[in-house]
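K.L.:
Counting in our numbering, the sequence shown tops out at residue 609, every number present. Glycine is no exception: its CB is placed at the ideal position from the N, C-alpha and C atoms.
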Amino acid sequence: MYVSEEIIEKIKDSNDILDVISETVPLKKSGRNYWGLCPFHNEKTPSFSVTQDKQLFKCFGCGEGGNVITFIMKTRNLGFNEALRILAERANIPFEESPEKKREKDRLEVFYKMHVDAARFFFQNLSNNKEVREYLYKRGIKDQTIRSFGLGYALNSWDSLLKYLRSRRYKEEDIVKCGLATKSEKGKVYDRFRNRIIFPVFDIRGRVIAFGARVLDDTKPKYLNSPETPIYNKGTHLYGLNFAKKNSKETSLIMVEGYMDLISLSQAGIQNVVASLGTALTKIQGRLLRRNSEEVYICYDADTAGQKATVRGLEILQAEGVKVKVVQISKGKDPDDYVREEGKEGFLKLLENALPLMEYKLIQEKEGLNLDSDEGRITYTKRIAEILNELDPIEKEVYLQKVSEDAGISERAIRKYMGNQNENSTLGTPYPENLTVYIEQGHVKAERSLLKILSENRSYLNERISLSDFIVPAHQKIYRILENYENGEISLQSYVLSQCDDAESSKEWTLIGQVAEIPEVDVEVLIDDFLKTINHYKGKIKQKKLQQEIKALEKAGNFEESVKLANELISLQKTLGRY
Ligand SMILES: [Zn+2]
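(1) Do the CB positions of His145 and Arg237 come within less than 9 Å of each other?
(2) Could you pull the start and end residues of the alpha helix (DSSP H) that Pro230 belongs to?
(3) Can you find the residues in the same chain that come closer than 6 Å, C-beta to C-beta, to Trp65, ignoring five residues on each side of it along the sequence?
(4) Is it buried or exposed, Ser360, if we count other Cβ atoms within 10 angstroms and call 16 or more buried?
(5) Can you name the start and end residues of the alpha helix (DSSP H) that Asp204 belongs to?
(6) How is Arg163 classed by DSSP in three states: helix, strand or coil?
(7) Give me the residue from Ala184, Asp404, Glu435 and Leu599 with the minimum Cα distance to Gly242.
(8) Mind checking whether the beta-carbon of Gly66 lies closer than 8 Å to any heavy atom of ligand 1?
(9) Can you have a look at Gln154 and say buried or exposed, based on whether 16 or more other CB atoms are within 10 angstroms of its CB?
(10) Please tell me whether, using a cut-off of 8 Å, the distance from the CB of Phe661 to the nearest non-hydrogen atom of ligand 1 is below it.
(11) Within its chain, find whatever has a CB closer than 6 Å to the CB of Gln297; leave out the 5 residues flanking it on each side and keep chain order.
(12) With 16 as the cutoff for other CB atoms within 10 Å, does Ala305 come out buried or exposed?
(13) Taking the beta carbon of Leu347 as the centre, do at least 16 other beta carbons fall within 10 Å, making it buried, or is it exposed?
(14) Contact defined as beta carbons within less than 8 Å: I believe Leu606 pairs with Gln573. What is the distance between those atoms, to the nearest angstrom?
(15) Quick check on the burial criterion: 16 or more other C-beta atoms within 10 angstroms. Buried or exposed for Cys68?
(16) Quick one: does the C-beta of His71 sit closer than 8 Å to a heavy atom of ligand 1?
(17) Compute the distance between the beta-carbons of Leu311 and Gly343, then report whether it is under 9 Å.
(18) Compute every distance between the C-beta of Gly91 and the non-hydrogen atoms of ligand 1, then say whether any falls below 8 Å.
(19) Could you give the uninterrupted runs of the beta strand (DSSP E) lying entirely in the region 328-374, keeping only those of 3 residues or more?
(20) With a threshold of 9 Å between beta carbons, is Tyr515 in contact with chain C?
(21) Could you pull out every residue in the same chain whose Cβ sits closer than 8 Å to the Cβ of Leu108, ignoring the five residues on either side in sequence?
(22) Apart from the five residues on each side of it in sequence, which residues of its chain come closer than 8 Å, Cβ to Cβ, to Leu595?
(23) List the endpoints of the continuous alpha helix (DSSP H) containing Trp65.
(24) Can you say whether Arg106 is buried or exposed, counting buried as having 16 or more other CB atoms within 10 angstroms of its CB?
(25) Just to confirm the assignment, what range does the beta strand (DSSP E) spanning Asp221 have?
(26) Whole angstroms are fine: how far does the CA of Glu36 sit from the CA of Ile239?
(27) Can you tell me whether Ala596 is helix, strand or coil according to DSSP?
(28) For the alpha helix (DSSP H) holding Arg317, just list the boundary residues, first then last.
(29) Are the beta-carbon atoms of Leu181 and Asp221 separated by less than 9 Å?
(30) Please classify Thr340: is it buried, with 16 or more other beta-carbons within 10 angstroms of its beta-carbon, or exposed?
(31) Hey, out of Lys475, Lys432, Tyr330 and Asp247, whose CA is closest to Glu287's CA?
(32) Could you check what DSSP says for Arg199 in three-state terms: helix, strand or coil?
(33) Please identify the residue among Phe273, Cys89, Arg478 and Lys160 whose C-alpha is closest to the C-alpha of Ile542.
(34) Which stretch, first to last residue, makes up the alpha helix (DSSP H) that contains Ala118?
(35) According to DSSP, is Asn400 helix, strand or coil?
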């Protein structure tokens, strides 16, 4: 009896190998895999492993291995169809093909065949049109690429494909159903794709299931794609997956947005690439990625990657168990541009620097916020607290520390906020009391204390404490005001208050007034402490700057200069460490 490949796939999809094997072999998770005592040979320590990601089992003791169907065949000594029947029953999938099913299948076969014929027609058009080929060459596309991706050209005509398909005895109704032609309200039928470069879309088995079409000029829309059809559900495929599987041995996949990104990477010799064709990722695509890779590099345009929608898409992937890393390309560039300019090596370097999803999210949340302001840091703390709350305890610890160092917010403050959030989670948005008390960066408080000391003892001005010690602009302003004050009729307090003519400095002056009284005897020691705190912060800034400069120099190939800076960085880090 013949069972269609679709049904076999469906049966495999509906019978998770872990569930099936667990019914007869007790399994324990260790690392990525599950382990148990092999049912095919006698053993006392487990060497039989099941990989859920790949839906495979393997015994390292006796060498048996296979998928869920082979497991049933081997453990129950059954033929392929019998094993299939058992699994189909287990998942409640009707196994026998009904006459209606058969008719539907035949109908789909016609649609698949029509797409192959259309693809051939488009390909032939391109071969016959030197002008359009020149256009592709100019964009750096080689003949070899045109052949391997089956690129084509839709003539500048209303009915050339229609005529061709009719001549191949396809029904007009079916041609419209497949989205290759469109029917107007008045009932006129005409070609959907006109005067466009054609990219056939293949499914994982290499069948043409749809087309993407790009303009040659500035006409809108730039890309036009097949609509949903009986053989093409958007969001269930990944463009290029068939090629990636065939041409690459890499265990990772790089996901880009568009046809051209993928084709350029392929031409540069990077074959493990798929395109999402639109940024909204679906669960089904997530499962496809998981089944076909161990790790996924998301490599979208700098502009779109910044969108929250992308992060949500990435979360879908993560929820499906896909290990995701985000590749960051400098703003305004796409992978297509990048690989043309920097070549394969340059692009592989980008991959090396890809960020884990969590780190990428933290950077995203920071975007547009001014972390030097209280408001910015409060907003940032709220946002990341939500993210951190979803992590497991170990990850939480690691990222808490990271965020705290990065934003100058104490771990205690973040923890407190997260705690409040958990307790109040049913009561709407919580707002922790006195949050500002905790999120003040150390150097800001130190500067305030120094100004407090100066306001009480101006003899330290330009002696122990100088203008260049201060980082916060409002504090620099207050320092100058203190310098300018002359004893006279007006008190120092009123003088400074009158000179602090902007919101920031007058707020700061008020806060300085609230700094606790500093005991006379400790002043010298405390000044040293405050200066140390500020200098440590300056060192951190310097460190960041050096790291960026070194990166830029390395990228520019200026290694001599970068080594110099690296040494400077090392000695700076030593002093920072001693603090
Ligand atoms: Zn074994």
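P.N.:
Per the coordinate set shown:
(1) It is a contact, given that the beta carbons lie within the stated cut-off.
(2) Unbroken run through Pro230 is the beta strand (DSSP E), Arg226 to Phe232; no alpha helix (DSSP H).
(3) Counting only Cβ-Cβ distances below 6 Å, and skipping sequence neighbours, we find Lys58, Pro76 and Ser79.
(4) Under this definition Ser360 is an exposed residue.
(5) Glu202 to Lys207 is the extent of the alpha helix (DSSP H) around Asp204.
(6) Here Arg163 sits in helix by DSSP.
(7) Answer by Cα proximity: Ala184.
(8) Taking 8 Å as the cut-off, one finds no heavy atom of ligand 1 near enough to the beta carbon of Gly66.
(9) Around the beta-carbon of Gln154, fewer than 16 other beta-carbon atoms lie within 10 Å, marking it exposed.
(10) The displayed coordinates of the chain run from 31 to 609. Any statement about residue 661 would go beyond what the structure contains.
(11) In the same chain as Gln297, and ignoring 5 residues on each side of it, the C-beta atoms closer than 6 Å to its own belong to Thr175, in chain order.
(12) Looking at its Cβ environment, which holds 16 or more other Cβ atoms inside 10 Å, Ala305 is buried.
(13) Burial of Leu347 is indicated by the presence of at least 16 other C-beta atoms within 10 angstroms of its C-beta.
(14) So it is a contact: roughly 7 Å between Cβ atoms.
(15) By the neighbour-count definition (other C-beta atoms within 10 Å, threshold 16), Cys68 is a buried residue.
(16) Correct: His71 has its Cβ closer than 8 Å to ligand 1.
(17) Yes, Cβ-Cβ distance for Leu311 and Gly343 is below 9 Å.
(18) The answer is yes for Gly91.
(19) Taking only runs of at least 3 residues, the beta strand (DSSP E) segments lying wholly in the region 328-374 are 354-356.
(20) Looking at the structure shown, chain C is missing, and only one protein chain is on hand.
(21) Hits under 8 Å: Ile102 and Ile116.
(22) Excluding sequence neighbours, Leu595 sits near Leu576, Glu579, Ile580 and Leu583.
(23) For Trp65, no alpha helix (DSSP H) encloses it; the enclosing beta strand (DSSP E) starts and ends at Asn63 to Gly66.
(24) Counting Cβ neighbours within 10 Å, Arg106 comes out exposed, since fewer than 16 surround it.
(25) Annotation for Asp221: the continuous beta strand (DSSP E) segment containing it runs Val219 to Asp221.
(26) Each residue's alpha carbon lies about 15 Å from the other.
(27) In the structure shown, Ala596 adopts helical secondary structure according to DSSP, grouped into three states.
(28) Looking at the DSSP string, the run of the alpha helix (DSSP H) that includes Arg317 is Lys313 to Asn322.
(29) No; because the gap between Cβ atoms is not below 9 Å, this pair is not in contact.
(30) Per the 10 Å Cβ criterion, buried.
(31) Measuring from the Cα of Glu287, the nearest candidate turns out to be Tyr330.
(32) In this structure, Arg199 counts as coil in the three-state DSSP scheme.
(33) Just measuring C-alpha positions, the residue of Phe273, Cys89, Arg478 and Lys160 sitting nearest Ile542 is Arg478.
(34) Ala118 -> alpha helix (DSSP H) spans Phe110 to Arg120.
(35) For Asn400, the secondary structure class from DSSP, reduced to helix, strand or coil, is coil.
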